[in-house]
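**Q** Below is one structure. I have some questions about it.
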Amino acid sequence: AGVSKTEQLRKYLAAGKKIIISTIQTFPFVLDEIGDEHRGGNFAIIIDEAHSSQGGKTAAALSEALGDPEDTINDALQKRMDARKMLTNASYFAFTATPKNKTLEMFGDALPPDAEGKVKHRPFHSYTMKQAVQEGFILDVLKSYTPVDSYYKLVKTIEADPEFDTKRARKKLRKYVESHDHAIRLKTEIMVDHFHEQVIALNKVGGRARAMVVCNGIERAIQYFHHFREYLTERKSPYDAIVAFSGEHDYDGAKVSESSLNGFPSIDIADRIQDDPYRFLVVADKFQTGYDEPLLHTMYVDKVLSGIKAVQTLSRLNRARPQKHDVFVLDFMNNAETITAAFSDYYRTTILSEETDPNKLHDLKTALDEHQVYSQEQIDQLVTLYLDGADRDKLDPILDLCVAGYLTHLDEDAQVDFKGKAKAFTRTYDFLASILPYTNAGWEKLSIFLNFLIPKLPAPEEDDLAKGILETIDMDSYRVEKQSILKVTLADDNAQIQPIPVSGGGHKSEPELDVLSNILNTFNERFGTLFTDADRVAKRIRDDIAPKVAADPAYQNAKKNTPAAARIELDAALMRVIAPLLRDDTEFYKQFVQNESFKRFVTDTVQTLTSE
């Protein structure tokens with residue numbers, strides 16, 4: 001107890017312990033503490049979650065800690081380059097369920113060149129998602145995937161018709177709608193009702209099923225958490241929710257954290273969710289990767305997901321356990337096509353289509369040099385100071401001169417191009433330096449220099465031409481419609497992924513301006529079509545259904561009693577009023593009877609219109 005991970009690692013390495021389990025991030029802290037007695041020995045390095053654990057700097061530190069000193073020379077630059085290389089005195093065993101292009105190129109087996117001279121890489125061994133599902137080690141998370149469509153209408157609240165940037169405006173409007181309290185409340189009711197009626201009532205996982213609510217950011221997660229607790233109380237449910245996010249957050253004028261909201265320490269979340277009353281885990285960028293909880297049966301997704309993140313997030317449900325025979329996903333933000341595309345890359349064996357072309361680094365360096373933001377003399381000067389251990393205040397004057405030239409001599413398009421290419425160079429070099437059979441001192445120096453320079457380069461100033469749009473609009477209506485349950489079927493083929501992108505640069509995007517009325521019309525056309533005539537539906541509810549329900553004697557008497565009694569009689573009165581519509585308005589009647597979300601929308605609207 002009380003011994004640091006660094007101290008334990010130093011002790012175990014020095015003692016020649018046979019098996020050591022550590023995070024790769026621990027190695028940089030032992031370089032100056034451990035002796036040379038372990039260097040030059042033979043090591044087997046077993047890497048879990050290999051798609052995310054081989055960052056250039058930490059992997060280099062691992063090599064430096066375990067490498068043979070006879071392979072390095074006194075020159076500091078050469079030592080840095082050698083430390084980037086994969087160790088010659090180590091065997092690497094990398095495991096991942098979602099191999100990235102870097103993972104395959106670094107650890108995979110190279111195949112003979114094809115007819116075009118391209119060298120593909122494939123895993124040394126594959127135990128595929130398909131095979132694991134077939135053999136019962138994991139569950140198929142796409143067997144009951146259900147998308148939910150949102151429909152809403154926004155209205156203008158001002159007489160004027162100002163112009164806004166259409167692209168930014170659309171993003172702000174979508175975020176406004178989906179985070180509106182009315183929308184969050186409606187989606188909360190759908191999730192809670194579904195969990196009680198389709199999960200608990202059906203005794204999923206032997207009655208012990210849990211649900212995860214995946215939210216788009218901390219603000220949204222806290223909103224959901226409060227609405228979940230409120231609605232669970234209203235419903236007199238025996239269950240409760242837990243919220244999970246990192247750090248502190250300003251919410252409703254106060255600083256809150258997951259522990260202050262939950263009422264217990266953050267470290268207890270994973271244990272508490274296993275015990276009643278906790279059944280809902282509301283998360284914002286937490287517990288979406290690496291979290292192993294077999295009780296998770298249902299996932300409610302209110303966040304845009306794609307690629308590896310979609311696979312990792314939905315795969316939280318796939319852990320097998322006794323009495324767990326299926327899982328369920330209700331997705332408010334994505335569609336089946338996006339999710340299918342994400343999983344297709346990892347269902348069978350994933351193959352890298354071709355190796356990264358190191359010659360692209362020459363092209364990037366040439367393009368960067370042509371912008372004349374720096375000189376070779378400045379690069380050499382900064383690298384020499386840095387490798388000699390100079391303080392940061394000795395480096396900043398060199399960098400500040402370069403920043404001044406960047407701002408003075410480059411227009412905004414050139415600034416975007418330079419910064420993009422600089423990032424592409426450092427990203428690509430950090431990877432290639434570990435696998436290329438040769439070193440390049442010029443690339444190493446430029447990489448050091450750019451890693452210092454990039455954070456100091458300001459992005460071109462962009463006016464927010466959609467600023468203020470939320471003050472000019474209001475939400476007129478919001479409803480959701482659950483689609484049919486889909487059994488997403490994946491192609492029975494190996495997938496090919498592309499090598500890391502080496503290109504960079506670009507230019508500043510130009511805003512597309514349009515008047516507010518046109519922006520709202522386009523937005524409503526895209527997201528507001530549930531019926532061919534939404535106004536007709538609103539008129540039917542307002543002028544026909546609500547007055548008839550309000551006049552119902554049983555409902556009038558019930559309103560004098562408890563809210564619960566009034567709600568029961570409201571439902572009964574509504575059915576008495578709706579029944580004749582089978583003849584008069586068949587489409588409305590059909591939607592009310594068959595579409596739960598529309599029925600809820602009509603009921604809530606009528607209750608609002610008939611309450612005193």
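Quick note on numbering: the sequence shown equals residues 1 to 612 in my numbering. Note that CB positions come from ideal geometry on N, CA and C, so glycine has one too.
Look up D71 in the DSSP assignment and say whether it is helix, strand or coil.
**A** No answer about D71 holds up, because its pLDDT of 39 lies below 50 and its placement is not dependable.
**Q** Look at the Cβ atom of V243, then the Cβ atom of V282, and state whether they are nearer than 8 Å.
**A** yes
**Q** Compute the Euclidean distance between the alpha carbons of V311 and D140, then round it to the nearest angstrom.
**A** Cα-Cα distance, rounded: 12 Å.
**Q** Thinking C-beta only, is L399 closer than 8 Å to K456?
**A** Note that the C-beta distance between K456 and L399 is below 8 Å.
**Q** Tell me whether the beta-carbon of K421 lies closer than 8 Å to the beta-carbon of I454.
**A** no
**Q** Quick one: using the 10 Å Cβ neighbour count with 16 as the cut-off for buried, is G56 buried or exposed?
**A** Since pLDDT at G56 reaches only 49, below the 50 mark, its modelled position is unreliable, and the value read off the structure follows with that caveat. Burial call: buried.
**Q** If distances are taken between C-alpha atoms only, which option among V549, T489, Q591, L574 comes closest to K143?
**A** The shortest C-alpha separation from K143 is found at T489.
**Q** Provide the residue span of the alpha helix (DSSP H) that contains R319, from first to last.
**A** Unbroken run through R319: none, as it is neither H nor E.
**Q** To the nearest angstrom, report how far apart E412 and K171 are at their CA atoms.
**A** 24 Å
**Q** Taking buried to mean at least 16 other C-beta atoms within 10 Å of its own C-beta, is V205 buried or exposed?
**A** Residue environment analysis places V205 among the buried positions, since at least 16 neighbouring C-beta atoms fall within 10 angstroms of its C-beta.
**Q** If you pair each beta-carbon of the stretch 363-375 with each one of the stretch 235-251, do three or more pairs fall below 8 Å?
**A** no
**Q** Please work out which residues of its chain come closer than 7 Å, Cβ to Cβ, to L574, disregarding the five sequence neighbours upstream and downstream, and give them in chain order.
**A** V549, T603, V606
**Q** In terms of DSSP beta bridges, what is A44 paired with?
**A** S91
**Q** Tell me the start and end of each unbroken beta strand (DSSP E) in the stretch 331-390 that is at least 3 residues and wholly inside, in chain order.
**A** 350-352
**Q** List, from N- to C-terminal side, the alpha helix (DSSP H) runs of 4 residues or more that fit wholly inside the stretch 235-274.
**A** 258-262, 269-272
**Q** Which full runs of the beta strand (DSSP E) of 3+ residues lie inside the stretch 74-154, going along the chain?
**A** 90-94
**Q** Apart from the five residues just before and just after G16, which ones in its own chain have a Cβ nearer than 6 Å to its Cβ?
**A** none
**Q** Label Q372 either buried or exposed according to how many other C-beta atoms from any shown protein chain fall within 10 Å of its C-beta, with 16 as the threshold for buried.
**A** exposed
**Q** Contact check, P294 vs Y239 under 8 Å by CB: the rounded distance?
**A** Between Y239 and P294 the Cβ distance is about 19 Å, and since that is not below 8 Å, they are no contact.
**Q** Look up A495 in the DSSP assignment and give the residues it is bridged to.
**A** T350
**Q** Between F280, M86, Y589, which has its C-alpha nearest V537's C-alpha?
**A** Y589
**Q** Which value, in whole angstroms, describes the spacing of the CA atoms of K11 and M81?
**A** The alpha-carbon atoms of K11 and M81 are separated by roughly 27 Å.
**Q** Measure from the alpha carbon of R632 to the alpha carbon of each residue in K79, R208, L570, then state which is nearest.
**A** Because the chain in this structure spans residues 1 to 612, residue 632 falls outside the shown range and cannot be described.
**Q** Apart from the five residues just before and just after I184, which ones in its own chain have a Cβ nearer than 7 Å to its Cβ?
**A** Q223, Y224, H227
**Q** Can you name, in chain order, every residue of its own chain whose Cβ lies under 8 Å from the Cβ of D71, other than the five neighbours on each side?
**A** Summary for D71: the model assigns pLDDT 39, below 50, so the residue's position carries little reliability; its value from the coordinates is reported in the next sentence. Excluding positions up to five away in sequence, the list reads D82, T88.
**Q** Just to confirm before moving on: does the CB-CB distance between L296 and R279 stay below 8 Å?
**A** no
**Q** For R319 and R84, I'd like the C-alpha separation in whole angstroms.
**A** 37 Å
**Q** Taking only three categories from DSSP, how would you classify A564?
**A** helix
**Q** Which value, in whole angstroms, describes the spacing of the CA atoms of E596 and I273?
**A** 29 Å
**Q** Taking contact to mean at least 3 C-beta pairs separated by less than 8 Å, is the stretch 122-130 in contact with the stretch 337-351?
**A** yes
**Q** In angstroms with no decimal places, state the Cα-to-Cα distance between V327 and T298.
**A** 6 Å
**Q** If S353 sits next to Q134, beta carbons under 8 Å apart, how far is it from one beta carbon to the other, in whole angstroms?
**A** About 27 Å separates the two Cβ atoms, so there is no contact after all.
**Q** Round the Cβ separation of H194 and L314 to the nearest angstrom and send it over; I've been treating them as touching at under 8 Å.
**A** Wrong, their Cβ atoms sit about 17 Å apart, outside the cutoff.
**Q** Taking DSSP's pairing of strands, which residues face T298 in a bridge?
**A** Per DSSP, A211, F328.
**Q** Going by CA-CA distance only, name the one from D357, I267, D302 that's closest to A284.
**A** Residue D302 is the option with its Cα nearest to A284.
**Q** Rounded to the nearest angstrom, what separates T532 and D149 at their Cα positions?
**A** The predicted position of T532 is uncertain, since its pLDDT is 47 and thus under 50; a value taken from the coordinates is nonetheless stated next. Going from the Cα of T532 to the Cα of D149 covers about 16 Å.
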